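Structure first, commentary second.
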Amino acid sequence: KVFPDKFSASKRVAHRIADIINFKSSKGENAVLGLATGQTPVEVYAELVRMHREEGLSFKNVITFNLDEYYPMNPTSAQSYVAFMKHHLFDHVDIRPENINIPDGTLNKDEIHDYCLKYENRITEAGGMDIQILGIGRTGHIGFNEPGSAPNSGTRLVTLDDLTRSDASREFGGKENVPTKAITMGIGTIFKAREIMLLAWNKKKAPIIKRAVEEKMSGDVPATYLQMSENVEFILDEDAASEL
Ligand code: GLP
174 KVFPDKFSAS KRVAHRIADI INFKSSKGEN AVLGLATGQT PVEVYAELVR
224 MHREEGLSFK NVITFNLDEY YPMNPTSAQS YVAFMKHHLF DHVDIRPENI
274 NIPDGTLNKD EIHDYCLKYE NRITEAGGMD IQILGIGRTG HIGFNEPGSA
324 PNSGTRLVTL DDLTRSDASR EFGGKENVPT KAITMGIGTI FKAREIMLLA
374 WNKKKAPIIK RAVEEKMSGD VPATYLQMSE NVEFILDEDA ASEL
């Protein structure tokens, strides 16, 4: 779906999320949201915060699972995805802290494997994601599933691509400060969601959107695996869609 700009597109995504939250809450059930970081979903979160403040949208019945976190990463660090989510969403809505799940960047290396299995189990126990929001990296990554990731991959520790680290260098004040690793949900984990929305704006994303949509499915561009599912929507602005 192509929108004139990221603002109208983000409203559409936020309203879909709000519909899911309200529908689940009317049945006395939890809504399980898979959330993404990066610049792309910022306006979606802003619209959700507005709906909370002005329209009484409540997050009391919401459980969230974030896609990824840098490793190692302290949650109090400004670059952490914990800080990002608090700043853009969690600090401004009535979500219960115990319902927030973000991969833990502070673990020892030998704890990571078990932790990742537990993260998967928590998602399954919560009933799977009702909706998963995704951005896309210029390498074609979703979450931090870089080229080479398997379509059935689970939550795990990964090595970041050079281009991904270059793209993150501004936030970290230099590429040398960007962690080389991350903990990410796998592509198989993402497919546990009943509905998936991949968001992309700006000309910068146009070449990778073309590859994700039009190229044959392969690990070279992990986002091509989304072609497997019926329940995926690409939500684009005109610039991101300009090479399709
Ligand atoms: C990071 C995140 C991804 C995100 C990507 C794109 O790598 N781990 O989940 O999709 O950045 O970021 P942006 O939205 O800032 O372009």
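Just add 173 to the spot in the sequence shown (first one is 1) and you have this note's numbering. In this text, a Cβ means the ideal position worked out from N, Cα and C, and glycines have one as well. As the structure is a computational prediction, the values presented were derived from the model and not from experiment.
Worksheet item: Since Lys237 sits in a beta bridge, which residues does DSSP pair it with?
Response: Here residue 237 is taken as the residue at index 64 of the sequence shown, counted from 1. Residue identity check: residue 237 is Thr in the sequence provided, not Lys. In DSSP, Thr237 forms a bridge with Leu206 and Ile273.
Discussion item. DSSP three-state label for Ala373, please.
Written reply: For the purposes of this step, residue 373 is taken as the residue at position 200 of the sequence shown. DSSP places Ala373 in strand when its eight states are reduced to three.
Worksheet entry | Separation of Val186 from Asp264, as counted between CA atoms | Indexing the sequence shown from 1 puts residue 264 at position 91. Indexing the sequence shown from 1 puts residue 186 at position 13. If you take the alpha carbons of Asp264 and Val186, they lie about 20 angstroms apart.
Fill in: Where Phe257 falls, given that 16 or more other Cβ within 10 Å makes a residue buried
Taking the sequence shown and counting its residues from 1, one reaches residue 257 at position 84. Phe257 comes out buried.
Worksheet item: Per DSSP, Leu409 forms a beta bridge with which residues?
Response: Translated into positions along the sequence shown, residue 409 becomes position 236. Answer is Val175 and Ala373.
Discussion item. Out of Lys376, Pro320, Ser253 and Ile381, which one is the CA nearest neighbour of Glu344?
Written reply: Locating residue 344 in the sequence shown gives position 171, counting from the first residue. Per the Cα distances, Ser253.
Worksheet item: Closer than 7 angstroms: is that where the CB of Ala209 sits relative to any heavy atom of ligand 1?
Response: To locate residue 209, count along the sequence shown from 1; it is residue 36. Checking every heavy atom of ligand 1 against the Cβ of Ala209, one is found closer than 7 angstroms.
Worksheet item: According to DSSP, what are the bridge partners of Arg226?
Response: Here the question's residue 226 lines up with position 53 in the sequence shown. The partner list for Arg226 (beta bridge, DSSP) is empty, contrary to what the question assumes.
Item to complete: Would you identify the three-state DSSP class for Leu221, choosing helix, strand or coil?
Response: As a working note, residue 221 is residue 48 in the sequence shown. In this structure, Leu221 counts as helix in the three-state DSSP scheme.
Discussion item. Looking only at its chain, what residues have a beta carbon closer than 6 angstroms to the beta carbon of Cys289, apart from the 5 residues adjacent to it on each side?
Written reply: Residue mapping note: residue 289 aligns to position 116 of the sequence shown, counting from 1. Thr328 and Arg329, listed in sequence order.
Discussion item. Nearest by alpha-carbon distance to Lys233: which of Trp374, Ile190, Glu368 and Asn272 is it?
Written reply: Working through the sequence shown from its first residue, we reach residue 233 at position 60. Looking at the Cα atoms, Asn272 is the closest of the given residues.
Fill in: Helix, strand or coil at Gln400 according to DSSP, with G and I counted as helix
Reading the sequence shown from its first residue, position 227 is the one you call residue 400. Of the three classes helix, strand and coil, the one that applies to Gln400 here is helix, per DSSP.
Fill in: Enclosing beta strand (DSSP E) for Val266 [first to last residue]
In the sequence shown, residue 266 corresponds to position 93, counting from 1. Segment: none, Val266 is in no beta strand (DSSP E) and carries neither H nor E.
Worksheet item: Between Ile236 and the rest of its own chain, which residues show a CB-CB distance below 6 angstroms, the 5 nearest in sequence each way excluded?
Response: Along the sequence shown, one-based indexing puts residue 236 at 63. Here the set comprises Asn203, Val205, Asn272 and Ala299.
Worksheet item: Excluding sequence positions up to five away, which residues of its chain have a Cβ less than 7 angstroms from the Cβ of Val215?
Response: Position 42 of the sequence shown holds residue 215. Only His261 meet the Cβ criterion.
Fill in: Contact under 8 angstroms by Cβ, Leu336 with Val175
Position 163 of the sequence shown holds residue 336. Position 2 of the sequence shown holds residue 175. No, the Cβ-Cβ distance between Leu336 and Val175 is not below 8 angstroms.
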